[in-house]
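Residue numbers (this note's numbering): 98 to 636. The beta carbon of each residue, even a glycine, is placed where N, CA and C say it ideally should be. All figures in this text were calculated on a predicted structure; none of them were measured in a lab. Taking it in order: structure first as structure tokens, then the write-up.
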């Protein structure tokens with residue numbers, strides 16, 4: 098098993114971070130087909146679990162789009178933020194309300210046009226414009242104005258101090274003339290025009306996608322010249338086709354990945370992540386309005402058993418949405434030990450008593466609720482089943498529902514859900530704010546995954562606000578550690594674990610430049626060992 102790829106990198110690049118190459122069409126889907134570029138050493142054949150709904154950078158920011166687009170700031174080795182289209186990291190004034198970004202010169206888009214400050218202004222005006230329909234609009238609410246101080250200098254004016262802005266500047270920048278009037282109807286959804294290392298060569302809907310490298314990318318010519326990606330939703334099919342040698346790699350669940358490690362020159366590759374799983378506890382349900390009950394449910398959950406069994410050890414138990422990926426801002430003492438006896442005491446004290454049929458009741462109401470999970474997601478299904486089993490031993494009945502995404506969004510207000518989070522784990526604010534801020538406590542059908550428990554706590558809101566505005570990194574980290582202590586005292590949800598993402602690959606020894614990275618919630622072949630594929634070189 099390869100846990101930390103360690104070959105030396107040629108350079109750091111802008112799209113290196115955020116994710117890997119766009120989807121690609123398999124030129125050959127059978128092991129007996131014609132030779133692909135991967136077989137000649139200049140390309141890769143990868144299998145993706147889900148077809149991309151859009152290639153628009155304002156809709157799909159940290160996935161396959163990072164192979165078409167660069168951000169002002171990019172994610173680099175070990176998850177460190179580094180300059181992308183910015184010539185150096187953005188610099189703030191003393192109160193963190195004005196940030197200046199110097200831009201790289203001599204950068205071109207894939208259509209041949211020049212990258213300038215106007216493209217940055219257009220992108221950040223668009224992402225904040227409600228009419229554009231980007232789900233990220235709320236993330237940029239602190240931005241009052243973006244102005245050009247010249248052709249290659251941009252200034253961000255904020256409504257309040259905000260230390261986490263560099264992480265928000267990972268947004269991919271498209272050519273301004275291609276933006277259109279809305280994310281939904283923009284041609285960028287299927288025809289990317291960016292400054293990144295690859296261009297879209299072909300997209301066969303429902304089957305595959307192909308990327309080819311640019312020979313005029315500002316950071317150099319990628320030696321991996323082509324990426325072919327087939328869309329294979331069934332995990333067993335991905336595993337079988339990997340084993341047959343049809344693909345060079347794919348993302349697989351820990352159990353299947355472990356089973357293939359060492360088979361036919363395949364190897365298990367892992368990366369740490371800020372990707373967490375949890376269970377929402379919607380406070381529209383009366384029993385979850387009681388902090389004592391929410392604490393009991395947390396104590397009843399055997400996180401380590403889930404990690405050992407379901408994740409094959411590839412995870413870390415959590416008590417809050419904060420993960421070790423947040424570095425000094427992470428508080429390891431903020432935890433819930435598995436203590437079903439204490440959980441039972443708390444429920445008894447809250448008036449939830451066991452009846453003869455083994456289900457707790459209070460005032461004639463059974464402690465019973467529905468828990469949704471995405472039907473096609475085997476990991477979330479397994480976590481839901483394990484959680485329901487833990488709670489059944491406490492006298493709480495959990496009814497499991499496998500749903501699609503539209504069903505989940507429509508029912509999130511009144512039903513618990515197996516959450517996934519950590520979309521942008523490269524700053525503590527971007528990791529936790531949407532999950533627990535009362536700004537998102539009111540159910541919004543257009544944004545159901547932000548604070549899906551409907552949680553509000555004045556002390557949590559105060560700590561969130563203070564940490565956003567604190568310029569001293571040590572003081573700021575201390576505020577986030579205090580925040581986690583409060584979230585254990587008054588939990589908004591059941592945070593389960595941070596995932597270690599698991600992949601299976603072959604042929605990695607043919608390349609130099611593999612490096613470790615901290616991954617976001619987004620995973621698949623845009624990450625894994627291929628996250629910085631544009632920087633790989635032949636040994």
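Using alpha carbons as the reference points, say which of the options lies closest to residue i.
i	options	result
residue 504	548, 246, 468, 475	468
residue 231	239, 240, 221	221
residue 599	353, 261, 171, 297	353
residue 555	541, 587, 527, 572	587
residue 377	632, 313, 297, 592	592
residue 289	262, 207, 526	207
residue 363	375, 474, 381, 337	337
residue 277	155, 310, 474, 307	155
residue 343	470, 326, 351	326
residue 184	279, 210, 214, 634	214
residue 430	634, 211, 577, 322	577
residue 176	157, 424, 418	424
Can you find a C-beta in chain B that's less than 8 Å from the C-beta of residue i?
i	result
residue 633	Absence of chain B from the displayed structure is noted, only one protein chain being present.
Between the alpha carbons of residue i and residue j, how many angstroms are there, rounded?
i	j	result
residue 384	residue 204	56 Å
residue 201	residue 319	19 Å
residue 293	residue 330	27 Å
residue 465	residue 414	25 Å
residue 574	residue 236	21 Å
residue 580	residue 567	14 Å
residue 106	residue 366	With a pLDDT of only 29 at residue 106, under 50, the local geometry of the prediction cannot be trusted, and the value read off the model is given with reservation. About 18 Å.
residue 225	residue 240	8 Å
residue 143	residue 551	39 Å
residue 162	residue 246	28 Å
residue 119	residue 328	Caution is warranted here: a pLDDT of 29 is assigned to residue 119, below 50, making its placement in the model unreliable, and the coordinate value is therefore given only provisionally. The alpha-carbon atoms of residue 119 and residue 328 are separated by roughly 12 Å.
residue 252	residue 267	16 Å
residue 427	residue 412	16 Å
residue 196	residue 188	5 Å
residue 332	residue 410	20 Å
residue 537	residue 147	28 Å
residue 452	residue 458	7 Å
residue 180	residue 491	51 Å
residue 255	residue 479	43 Å
residue 422	residue 265	17 Å
residue 168	residue 218	13 Å
residue 472	residue 386	28 Å
residue 399	residue 501	27 Å
residue 164	residue 311	11 Å
residue 523	residue 456	42 Å
residue 199	residue 248	10 Å
residue 570	residue 460	49 Å
residue 432	residue 636	45 Å
residue 314	residue 434	50 Å
residue 477	residue 281	28 Å
residue 408	residue 597	8 Å
residue 299	residue 306	6 Å
residue 135	residue 443	In this predicted model, residue 135 has a pLDDT of only 40, less than 50, meaning its place in the structure is not dependable; the value taken from the coordinates is given anyway. The alpha-carbon atoms of residue 135 and residue 443 are separated by roughly 59 Å.
residue 624	residue 375	22 Å
residue 499	residue 229	32 Å
At a threshold of 7 Å, does residue i count as lining the ligand GTP (C-beta to nearest heavy atom)?
i	result
residue 273	The ligand GTP is not among the ligands present in this structure, which contains no ligands whatsoever.
Quick one, are the C-beta atoms of residue i and residue j less than 8 Å apart?
i	j	result
residue 590	residue 373	no
residue 403	residue 513	no
residue 481	residue 497	yes
residue 159	residue 324	no
residue 510	residue 379	yes
residue 190	residue 272	no
residue 370	residue 615	yes
residue 604	residue 632	no
residue 182	residue 285	no
residue 291	residue 317	no
residue 335	residue 361	no
residue 629	residue 602	no
residue 487	residue 553	no
residue 526	residue 173	no
residue 283	residue 193	no
residue 296	residue 279	no
residue 585	residue 417	yes
#### Entry: Whole runs of the alpha helix (DSSP H) within the segment 361-433, excluding any shorter than 4 residues
388-397, 400-406
### Task
Determine, using beta-carbon pairs with one atom in the segment 432-439 and one in the segment 347-358, whether at least three such pairs fall under 8 Å.
no
### Query
In chain order, which alpha helix (DSSP H) runs of at least 4 residues are fully inside the segment 457-534?
475-489, 502-508, 525-533
### Completely contained beta strand (DSSP E) runs for the segment 174-203, where each covers 3 or more residues
178-180, 195-199
### Query
Between the segment 524-532 and the segment 385-397, do at least 3 Cβ pairs fall closer than 8 Å?
no
### Query
Would the segment 511-528 and the segment 616-627 be scored as touching if the rule is three or more Cβ pairs under 8 Å?
yes
### 3 or more residues per run - each beta strand (DSSP E) lying fully within the segment 314-350
323-328, 346-348
### Runs of beta strand (DSSP E) lying entirely within the segment 191-277, each at least 3 residues, in chain order
195-199, 240-247, 250-255
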